[in-house]
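*Asks:* Input: one structure, supplied below.
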Amino acid sequence: TIEISGKKKTVLEDILIGEVWVCSGQSNMEMPLRGWPEWGGPIDNSAAEIAGANYPNIRLFTVPRVFADKPLDDCKGKWLACTPETIKDFSATGYFFGRELYKNLNIPIGLVFTSWGGTVAEAWMSEEFAATIPAFTTEPGKLDVQKFKAAKLEDFNKRQAEWAASIGFQPGDKAPEWAVKATADASWKEMPVPGEWSKTGIGAHTGLVDYRLVFKVPDSWVGKELVLELGPIDEMDITWVNGKLVGSHLNVSDWATNRVYEIPAGIVQKGDNILAVQVANTSGLGGINGKPEMLKISPKKSKKGQPLAGNWQVCKGGAFSLVKPMPDCVDCGEPNLPTVLYNGMIAPIVPFSIKGAIWYQGESNRYDGELYKKIFPKMIVNWRHDWNRGEFPFYFVQIAPYTYQDAYSTGLLREAQDFTMRTLPNTGMVVTMDIGNLKNIHPANKQDVGKRLAFWALAKDYGKKDVVFSGPIFKSFVREGNKIRIWFDYTEGGLKTDGKELKHFTVAGADHQFKPAKAVIEGNTVVVYSEQVARPEEVRFGWGSTDVTNLFGPSGLPAGPFRTDVR
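This is how it looks when you write it as C-alpha cells:
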C-alpha cells in the first residue's frame, strides 16, 4: 500500500515493485493464450496453460487498439493480476516470457501488452523518426500522413486495375454471358450460400468463383428502386442483376465489408431474375460467408426483405497461382500508415518506467526486406530515444517458416532482422526456424518463443550466466577446394542435428546459380559442398520461406538463417 499525503490523501493498494516489459508487434504477439480456434489458430496445450495461470505477482496491462494522427498522452486500461480469467485474452508470447522470468527471478513482473495484428513496423514509429526515411516522406524531411496515404492509394489502385484487367476481373460495359443466362453445364454445381469455400465443396482456392441465383420478387416491387444485401464477401466481388452491373468491391481489404448495392428502378422484372456474383479471393477462406439472414433484397427504405440464402448455382474458376500475382498495399490505410500506432499505442505509455521490450513482427513488412533494414533499427532507436532510459534491452522474434508466396523476400526480411541484432547494441533475436507451421502463419508453439525471449533477458539483464540464450549465428566462411567451411558464434560445446542429415544448405559458383548442397558437421564448423558446383563461392542456409532447419547448438537452440552473397 502507498499513501500520498497532501491537501487530499490518496491511498494506492495492491502495489508491486518489480520489472516491467513492453510486449509489442503484430498478430503473433497479439495471439492470445486461448488461441484463435474460430480461425483455426490454436495454442499448444491452451486449456491447461490457462487453468494453471495463477500468478498474482505477474501483472498484466493491455493497451487498447487505437490509431491516431497525433501522439496521445493517455490510454484506457488497468493493471490486472494474472489469473486464468485475465490471461486467456492476453498475449501468449508475452505471458510465457513473463512466466519464465518470474520462475527464475521470483520477483514481480509487469507486462504491458500493446499489439495490433497485420501491422507494419513504420506504424509504430514517431513522426520525427519516420520522416528520416525517404520512403515515407511527402517532401524532403517531412511526413504528411494523409498525403502519404493518398499517394499510396493512387499507386495501388493503378496496380490493382492493371492486375484485374490481366485476369479479366473488372466491371465492364457488358456482363459475361453466364451472368445473363441461367443455362449451366457440368461445371456448375448447386451449393448452399452463404458458406466458406472450404465448407461448400469449393475447397481451398485462391482464384475466381462465379455465383448465380434465379429469383422472383413480388409484383408490387417491379419498377421500384430495390436494395440488394449480400453480407461480407471474402475478398472482392462484381455483382450484376439481369446483366446490369449494380456494384463491386475491388480491394482485398474489403473482405469483411457488408455488400449493400442499390438496384435502379426498371432492372428487376416480373418473373425470373438473375443475380450473378463473381468473387475473387487471394488468400484465406473465400466466399459469400456472412449469416443467412444477411442475404436479402428489399424495396428501398423498407424494413421487409426477401431472403436470398439457400442453394445457388456455383462454378469454380481459375486459380490465381496461374496468373499475375495480386498487388499488395498493406500500408494504404489505418492502422498501417506511418506513425499512427506509435501515436495511439506507444506514446501514451512512454513516460512509464520499463526494463525493456519484446517484439514479434515482420510478416507484414515482407514486401521490402531492404527497407525493413532501415525501418526496424530506427524504430528501436526511436523508442529508446523517447523513453530516455538509455539503450534498454530490446529482444525480438525472427519470422518463422510459412508458405509465403515469395520465398526470396522472406529471406531478405529475416536478414534485416539478423542485421538489426548485429548492429544495434543490447538487442537479441529469437530464431524460430524449427517451430513454425507451414500451413499457419500463427504457429501454436508460443511456449518456446516466450522462453527463448526470456533466455536473452535472463542471461543479458539478470546475470544468469548459465542460461544459453542463442543458437549458432553465422560468423565467417572460407573456400577449401570444392567445399566451403562455415564458422558460427555461440557454438561452445559443438553443433548437432536432429539425428538426420543437415538440410536447406545451398551453394553457388561465380554464376550465382544456387544448387542444393550436402552439409556435414566437423567440430564447431559445417562443411558444405555440391556435385553440381565445382568451385563454390557463396553459400546460403535456411533462405527459403518454408525451410524448417535442423542445425542446432548444444542446448538445442536452432542456428539462424544466413547468406554470404550480400550484393
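Residues 37 to 603 (my numbering) make up the sequence shown, in order. Heads up, the beta-carbon is just placed ideally off N, CA and C, and yes, glycines get one too.
#1: Residues in its own chain within less than 7 angstroms of residue 271 by CB, not counting five upstream and five downstream?
#2: Contact defined as beta carbons within less than 8 angstroms: I believe residue 503 pairs with residue 494. What is the distance between those atoms, to the nearest angstrom?
#3: When the distance is taken between beta carbons, is residue 65 closer than 8 angstroms to residue 59?
#4: If we call anything under 8 angstroms between Cβ atoms a contact, is residue 344 one with residue 251?
#5: What are the boundary residues of the beta strand (DSSP E) that includes residue 432?
#6: Alpha carbon to alpha carbon, how far is residue 413 from residue 499? Give it in angstroms, no decimals.
#7: Determine whether the Cβ of residue 468 lies closer than 8 angstroms to any Cβ atom of chain B.
#8: Sort out for me which residues DSSP pairs residue 117 with in a bridge.
#9: So residue 396 is in the beta strand (DSSP E); what residue range does that whole segment cover?
#10: Count the CB pairs spanning the stretch 374-384 and the stretch 94-113 that are closer than 8 angstroms, and state whether there are at least three.
#11: At the level of alpha carbons, what is the spacing between residue 443 and residue 310?
#12: For residue 536 and residue 588, what's the separation of their Cα atoms in angstroms?
#13: Buried or exposed: where does residue 9 fall if 16 or more other Cβ atoms within 10 Å of its Cβ makes it buried?
#14: In the structure shown, what three-state DSSP assignment does residue 604 receive?
#15: Decide if residue 358 is buried, meaning its Cβ has at least 16 other Cβ atoms within 10 Å, or exposed.
#16: Looking at residue 253 and residue 333, is the spacing between their C-beta atoms short of 8 angstroms?
#17: How should residue 400 be labelled, buried or exposed, when 16 other C-beta atoms within 10 angstroms of its C-beta is the threshold for buried?
#18: Measuring alpha carbon to alpha carbon, tell me which of 404, 411, 363 and 403 ends up nearest residue 193.
#19: Can you tell me which of 371, 219 and 233 puts its alpha carbon nearest to the alpha carbon of residue 152?
#20: Given a cut-off of 8 angstroms, decide if residue 578 and residue 457 are closer than it, judged by their beta-carbon atoms.
#21: Could I get the ranges of all uninterrupted beta strand (DSSP E) runs contained in the stretch 503-586, with 3 residues as the minimum, in chain order?
#22: Looking at the unbroken alpha helix (DSSP H) that takes in residue 280, where does it start and where does it end?
#23: Is residue 139 near the ligand GDP, going by C-beta to nearest heavy atom under 7 angstroms?
#24: For the beta strand (DSSP E) that contains residue 486, what are its first and last residues?
#25: Use the C-beta contact count for residue 388: other C-beta atoms within 10 angstroms, 16 or more gives buried, fewer gives exposed.
#26: Once DSSP output is grouped into helix, strand and coil, what is the label at residue 408?
#27: DSSP has residue 256 in a bridge; who is on the other side?
#28: Measuring only the C-alpha atoms, how far is residue 165 from residue 424?
#29: Is residue 251 helix, strand or coil when you go by DSSP?
*Replies:* So, to answer that:
#1: For residue 271, where only same-chain residues beyond five positions count, the Cβ hits under 7 angstroms are 288, 290, 291, 316, 317 and 318.
#2: Between residue 494 and residue 503 the Cβ distance is about 5 angstroms, and since that is below 8 angstroms, they are a contact.
#3: In this structure, residue 65 lies closer than 8 angstroms to residue 59 by Cβ.
#4: It is a contact, given that the beta carbons lie within the stated cut-off.
#5: Residue 432 -> beta strand (DSSP E) spans 430-433.
#6: Going by the C-alpha atoms only, they are around 25 angstroms apart.
#7: Absent here is chain B; the protein component of the structure consists of one chain.
#8: DSSP lists 95 as partners of residue 117.
#9: Membership of residue 396 in the beta strand (DSSP E) is indicated by the continuous run 392-396.
#10: The way I'd put it, the stretch 374-384 does touch the stretch 94-113; three or more beta-carbon pairs between them come closer than 8 angstroms.
#11: Their backbone Cα atoms lie some 43 angstroms apart in a straight line.
#12: Going from the Cα of residue 536 to the Cα of residue 588 covers about 12 angstroms.
#13: No answer is possible for residue 9: it lies beyond the span of the chain, which begins at 37 and ends at 603.
#14: It is not possible to answer for residue 604, since the shown part of the chain is limited to 37 through 603.
#15: Low confidence applies to residue 358: its pLDDT is 48, below 50, so where it sits in the model is not reliable enough to give any reading.
#16: Result yes, Cβ atoms of residue 333 and residue 253 sit closer than 8 angstroms.
#17: Under this definition residue 400 is a buried residue.
#18: Answer by Cα proximity: 363.
#19: Minimum Cα distance to residue 152 is reached at 371.
#20: Not a contact, by the Cβ cut-off of 8 angstroms.
#21: 509-516, 519-525, 541-544, 554-558, 561-565 and 574-577, all fully within the stretch 503-586.
#22: Judged by DSSP secondary structure, residue 280 falls outside any alpha helix (DSSP H) and instead within the beta strand (DSSP E) spanning 280-285.
#23: Questions concerning the ligand GDP fall outside what the structure shown contains, since it holds no ligand whatsoever.
#24: Note, residue 486: premise wrong, no beta strand (DSSP E); alpha helix (DSSP H) at 483-497.
#25: Answer is exposed; the Cβ neighbour count stays below 16.
#26: DSSP places residue 408 in helix when its eight states are reduced to three.
#27: Answer is none; residue 256 lacks a bridge partner.
#28: Straight-line measurement puts the Cα of residue 424 at about 15 angstroms from the Cα of residue 165.
#29: Reduced to three states, the DSSP call for residue 251 is strand.
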